[in-house]
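Residue numbers (the UniProt record's numbering), protein chains in the order written: chain W, 1 to 355; chain Z, 1 to 304.
Below, the structure written as structure tokens:
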């Protein structure tokens, strides 16, 4: 039945089928008023249904023999050039940047998970600050959206990290760019805080509602006519697990909601060319004869992100391990959390450990 | 199946009189006509005052229904079709080709199932780069997780092609044949598949050899379940569209699926029992914990 494959509501679908309209061809030569009369619905609703049907039908009738097999497809060659020229968000830790191929890449959804206290929120705040590094310093020069579900965002800490970042930029300016024009943009730490949009959500419904609202929000903040107006370049959700873990009765519903949420985030990442960073918690799983730590939210969620990074303790050091990535090798690197934010660990062994 | 009044324009025999006659017997669409007893209807038409016209109307509808049914072909024609048109595409990995006795076959829908980070996307990327390179055919890549990595495809191409002088030009030509599209919901996927069906019919020289959907399960998971059967309907119609595409246009189709928890702690492929019968070939990947080695096993094949 072709009607069931149209994106219309269930009640409209039921009315169409009971009136005998089961294929697209039956709707093709119908006027809205006769359809409205048949189904006993309003004319605007009938017009909407016919528009959806004609869109599907319009795809079937192709005049003027355009060469594209599918509208909107891109070749791999073009994408390669785009990818090579895209700038990544640095994590301020060069070891971590190295295993990530430069940093967190835009257009992808990166999931970062770890035990409590490993530094997930610290890394998230660092990324929210680093995304604002201006293009002259090799950064993205964009704004950040921070969706906080646990209430772990500390403004004072963000200010501290922002101050350290501004200090680093000043040093870079004076050390390396002596012969060039000095960089005009000297960021004040408070300016960094200006560009972080903070949402606090308290239930899973709010979480899904915010994600649905983000598209409109980002679009509104895109181009406002000013010359150096920044766009949103990273969406951080800390953490995505919290509201889905506490007594969620219907597991099947949870899987569906998480799947839908993941697709929406992917679409946002692709459409607005921004990075999405999701923070996740851990749980134990009985695998291969022993209990092991894995990221929460189950097996279906594991496929929802493009890249997965697991943070763990090794002795007294914090390590990050790339668990899943389409283009990066599995590797681990160590990092520390200092007063200035995430930095390289000052250990003796500086080499990247390949697993 | 169209309602009868829609046919009035093209077939004047099905006039309002005929429609009224059918309506008195509860027939409003062609479908209703099929489930009704034709002999009984003809006998009732006899007794009506305009019996000739009614009988002509019935014959007209029967001819319309005949046109809608598929033509039948015999086994010999099928064998000739299988030998000449449906060729085997190598996946780029010798051992997997050996397992599949050649590789991915045209006309087959192949499904790859595996837990997270077992190598499904890598398999898809390698198959894409190999088909583009070895058979210089076009590759359609539908990606729902932004995991198409052109850098990785370039790596695959460079590893097999040692000469670096013309490497760039050759890479450009090969990679221009890989078309990528991002899809984020099941309705867009169905739209794209319909578009593909029409365009492949009208454009004979596009030479699409393989269609890769990574991953089909993340597109279907948000609509599956929840009490209604609508999600299942969408999944099955997508499956049938894929099989139609594969058979009619000699495409090889590769889809990926993920695993969910089954009973007794074992994982099973997602998408359930109804999906099990749709792909022709099912391959399962599993990765030994902590190593780079994955193993692949054949769950279902049509003739192996």
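In this text, a Cβ means the ideal position worked out from N, Cα and C, and glycines have one as well.
The region 137-149 of chain Z in contact with the region 296-310 of chain W per 3-pair CB rule at 8 Å: yes
Contact set between the region 245-263 of chain Z and chain W, restricted to residues whose Cβ is under 8 Å from the partner: 258, 259, 260, 261
Members of the region 14-27 of chain Z near chain W, C-beta cut-off 8 Å: none
Cα-Cα separation between residue 138 of chain W and residue 87 of chain W, rounded to whole angstroms: 8 Å
Cβ contact check for the region 122-141 of chain W and the region 86-102 of chain W: 3 or more pairs under 8 Å: yes
Where residue 52 of chain Z falls, given that 16 or more other Cβ within 10 Å makes a residue buried: exposed
Three or more C-beta pairs below 8 Å linking the region 246-258 of chain W and the region 294-301 of chain W: yes
Own chain, CB closer than 6 Å to residue 84 of chain W, minus 5 neighbours either side, in chain order: none
8 Å Cβ cutoff met for residue 161 of chain W and residue 237 of chain W: no
Rounded separation between residue 30 of chain W and residue 36 of chain W - CA only: 10 Å
DSSP three-state assignment for residue 110 of chain W, whether helix, strand or coil: strand
Any 3 or more C-beta pairs closer than 8 Å across the region 177-184 of chain Z and the region 88-96 of chain Z: no
Residue burial classification, residue 313 of chain W (beta-carbon count within 10 angstroms, cutoff 16): exposed
For residue 172 of chain W, three-class secondary structure by DSSP: helix
Cross-strand partners of residue 318 of chain W (DSSP beta bridge): W:313, W:335
Per-residue contacts from residue 116 of chain W into chain Z (C-beta, under 7 Å): Within 7 Å Cβ-Cβ: nothing; residue 116 of chain W doesn't reach chain Z, min ~22 Å.
Residue 361 of chain W to residue 132 of chain Z span [Cα, whole Å]: Absent from the structure is residue 361 of chain W, since the part of chain W shown begins at 1 and ends at 355.
From Z:59, Z:171, Z:118, residue whose alpha carbon lies closest to that of residue 287 of chain Z: Z:118
Residue 123 of chain Z versus Z:299, Z:158, Z:255, residue with shortest Cα-Cα distance: Z:255
Cβ-heavy atom distance, residue 127 of chain Z to the ligand PLP, below 7 Å: With respect to the ligand PLP, the structure shown offers nothing to examine, as it has no ligands at all.
9 Å Cβ cut-off: residues of chain Z touching residue 323 of chain W: 116, 117
Backbone secondary structure at residue 302 of chain Z - three-state DSSP: coil
Through-space distance from residue 330 of chain W to residue 152 of chain Z, alpha-carbon basis: 14 Å
Residues that residue 245 of chain W bridges to, as DSSP identifies them: For residue 245 of chain W, which the question treats as bridged, DSSP gives no partner whatsoever.
Under 9 Å (Cβ pairs) to chain Z, residues found in the region 69-93 of chain W: 69, 70, 71, 72, 73, 74, 75, 76, 77, 78, 79, 80, 81, 82, 83, 84
Proximal residues of chain Z, C-beta to C-beta of residue 299 of chain W below 9 Å: 115, 116, 258, 259, 260, 261, 267, 270
Contact set for residue 189 of chain Z: own chain, Cβ-Cβ below 6 Å, skip 5 residues either direction: 183, 219
As assigned by DSSP and simplified to three states, the class of residue 269 of chain Z: strand
Buried versus exposed, by CB contacts within 10 Å (16 or more), residue 49 of chain Z: exposed
Under 7 Å from the C-beta of residue 178 of chain Z: neighbouring residues of chain W: 75, 76
Test item: CB-CB of residue 328 of chain W and residue 119 of chain W under 8 Å: no
Within-8 Å CB hit, residue 181 of chain Z to chain W: yes
Cβ shell of residue 62 of chain W (< 6 Å), same chain only, five flanking positions each side left out: The predicted model places residue 62 of chain W with a pLDDT of 45, which falls under 50 and marks its position as unreliable; any figure quoted below should be read in that light. Cβ within range, chain order: n/a, list empty.
Limits of the unbroken beta strand (DSSP E) element including residue 138 of chain Z: 138-143
Neighbourhood of residue 5 of chain W by C-beta, 7 Å cutoff - its chain only, sequence neighbours within 5 removed: none
Environment of residue 139 of chain Z [buried if 16+ CB atoms lie within 10 Å]: buried
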